[in-house]
Amino acid sequence: RENLDKIMNTMFLFLTNTDCIYKLIVYWVKPEEMDEILRVFKGPIFNQDEPEHRSILMKTVRNSHLMYGILKNMALFTCFLWVAHPTVFHIQGKYIEFPIWLPFDANKNSQFYIAVFYVWLQTSWLAYCNTTSDIFITFSLEQCRTQISILRLDLENVVEKSKKEATALSLSFQEVLERRFKKILLHHKTIVNTADKIQDLFGGAVFYFFFVSGWILCTSAYRLAGANPASIEFLSMIMYVICILMEIFLYCYYGNEITHETDQLMESAYTMDWLEMPIKTRLSLIIFMERIKIPIRPMAGSLIPLNNATFISIVRSSYTFFSLLKNSQH
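If you're matching positions, the sequence shown starts at 7 in this note's numbering and goes up one per residue.
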């Protein structure tokens with residue numbers, strides 16, 4: 007208990023480092039699985055060159071660039087504040103104790119700036135790796151949701167498009183419809199398989215992140231409670247908490263969006279002009295509708311669903327940990 011403040015000053019960064027290392031190990035150990043997912047993203051099934059698909063895909067691309075830029079810059083700004091705070095104290099002549107072991111006295115003028123540069127470099131690298139990994143995983147999920155939106159659009163318009171193509175090329179309507187419907191079935195199968203591969207690849211890392219995020223938020227709140235609201239330290243911890251909450255929210259939000267979008271697939275199947283379909287294709291449609299009754303539900307470690315309720319649960323649990331920690335001091 008005497009060293010509780012020192013423990014809290016190092017715990018949140020230690021847990022963040024372990025989370026980042028876990029994700030990097032996944033990238034390093036399973037590059038073939040990563041390449042397979044990326045090949046699907048760049049392949050012809052997910053990029054069908056239909057004019058109505060482009061606007062949906064470009065919206066996802068813009069959102070990914072926007073979220074990556076916001077999260078990365080916020081994280082790097084937080085790292086800058088973490089070194090600005092001790093620098094101001096050093097200029098004022100105050101004693102500085104870095105939350106890491108150093109083989110020299112960091113309060114000597116020349117050695118202090120070496121220590122500050124090292125802390126800035128290490129935390130910035132951590133911020134860059136973490137934000138890049140999180141955005142890649144979350145927008146891999148968002149790519150699957152985008153493909154489901156495209157699939158719904160194709161399903162609703164398959165009869166009308168088949169009629170136009172059959173008329174323009176003087177082909178049999180049934181032949182064109184069956185070809186287009188088989189393409190829809192293949193598209194759906196690829197989406198499901200890709201979502202499963204993403205979960206198999208990153209489910210463990212996301213589960214560990216959710217597991218430690220409660221403690222990260224708890225220790226960060228503990229530091230906030232003891233900081234001066236007008237200080238750089240307080241602002242830096244506020245920024246850090248916002249970054250962690252954003253990372254948790256992105257996982258939960260995009261996981262929830264996939265489930266919601268797959269739930270809407272059945273409505274799209276009913277919306278299409280199925281009365282004009284031949285009997286054989288109707289039977290295929292019925293089988294397809296039975297298949298889509300099982301929605302895609304992304305999970306963290308096959309235990310925690312990625313949805314909005316999970317986000318609320320993590321925030322509540324972190325506040326509970328914080329309350330217990332504060333009460334233990336009395």
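Even glycine gets a Cβ: it sits at the ideal position worked out from N, Cα and C.
Given that a residue counts as buried once 16 or more other Cβ atoms are within 10 Å of its Cβ, and exposed if not, what is residue i?
{"i": "Tyr-101", "result": "exposed"}
{"i": "Trp-107", "result": "exposed"}
{"i": "Thr-316", "result": "buried"}
{"i": "Glu-239", "result": "buried"}
{"i": "Asn-136", "result": "buried"}
{"i": "Trp-34", "result": "exposed"}
{"i": "Ser-308", "result": "exposed"}
{"i": "Asn-337", "result": "Lying outside 7 to 336, the shown extent of the chain, residue 337 is not represented and no answer is given."}
{"i": "Leu-410", "result": "Lying before the first or after the last residue shown, residue 410 is absent from the chain, which here runs from 7 to 336."}
{"i": "Lys-170", "result": "exposed"}
{"i": "Asn-262", "result": "buried"}
{"i": "Val-122", "result": "buried"}
{"i": "Lys-332", "result": "exposed"}
Any idea what DSSP makes of residue i, helix, strand or coil?
{"i": "Pro-301", "result": "coil"}
{"i": "Ile-51", "result": "coil"}
{"i": "Thr-173", "result": "helix"}
{"i": "Ile-106", "result": "coil"}
{"i": "Ile-318", "result": "helix"}
{"i": "Arg-7", "result": "Model confidence at Arg-7 stands at a pLDDT of 47, short of 50, so the residue's coordinates are unreliable and nothing is read from them."}
{"i": "Pro-235", "result": "coil"}
{"i": "Ala-275", "result": "helix"}
{"i": "Ala-90", "result": "helix"}
{"i": "Ala-81", "result": "helix"}
{"i": "Ala-121", "result": "helix"}
{"i": "Ala-112", "result": "coil"}
{"i": "Pro-311", "result": "strand"}
Considering only C-alpha positions, which residue in the set the options is nearest to residue i?
{"i": "Phe-187", "options": "Asn-163, Glu-58, Asp-202, Thr-200", "result": "Asn-163"}
{"i": "Met-252", "options": "Leu-77, Gln-128, Pro-57, Arg-297", "result": "Leu-77"}
{"i": "Thr-93", "options": "Met-80, Gly-75, Ile-120", "result": "Ile-120"}
{"i": "Phe-213", "options": "Asp-55, Thr-16, Met-14, Asp-25", "result": "Asp-25"}
{"i": "Asn-206", "options": "Val-32, Phe-20, Leu-19", "result": "Strictly speaking, residue 206 in this sequence is Asp, with Asn absent from that position. Among Val-32, Phe-20, Leu-19, the Cα nearest to that of Asp-206 belongs to Val-32."}
{"i": "Leu-6", "options": "Leu-271, Lys-48, Gln-128, Gln-180", "result": "The displayed coordinates of the chain run from 7 to 336. Any statement about residue 6 would go beyond what the structure contains."}
{"i": "Ile-285", "options": "His-193, Leu-183, Pro-304", "result": "Leu-183"}
{"i": "Ile-27", "options": "Pro-50, Ala-133, Ser-308, Leu-331", "result": "Ala-133"}
{"i": "Asp-269", "options": "Phe-294, Ile-244, Ile-300", "result": "Ile-300"}
{"i": "Phe-110", "options": "Gln-98, Tyr-124, Lys-167, Ser-70", "result": "Tyr-124"}
I'd like to know whether the C-beta atoms of residue i and residue j end up nearer to each other than 7 angstroms.
{"i": "Gln-149", "j": "Ile-197", "result": "no"}
{"i": "Asn-105", "j": "Asn-15", "result": "Here residue 105 turns out to be Pro, not Asn, going by the sequence shown. Going by C-beta atoms, Pro-105 is nearer than 7 angstroms to Asn-15."}
{"i": "Thr-277", "j": "Arg-303", "result": "no"}
{"i": "Ile-222", "j": "Ile-248", "result": "no"}
{"i": "Ser-385", "j": "Met-243", "result": "For the chain, the structure presents residues 7 to 336; residue 385 sits outside this window and is missing."}
{"i": "Tyr-257", "j": "Thr-84", "result": "no"}
{"i": "Leu-159", "j": "Tyr-260", "result": "no"}
{"i": "His-59", "j": "Ile-190", "result": "no"}
{"i": "Ser-274", "j": "Leu-161", "result": "yes"}
{"i": "Cys-224", "j": "Ser-290", "result": "no"}
Check whether chain D comes within 7 angstroms of residue i, counting only Cβ atoms and requiring the distance to be less than that.
{"i": "Met-64", "result": "Here chain D cannot be found, since the structure has a single protein chain."}
Runs of beta strand (DSSP E) wholly within the segment 194-218 (minimum 3 residues, chain order): Fully enclosed beta strand (DSSP E) runs of 3 or longer: not present.
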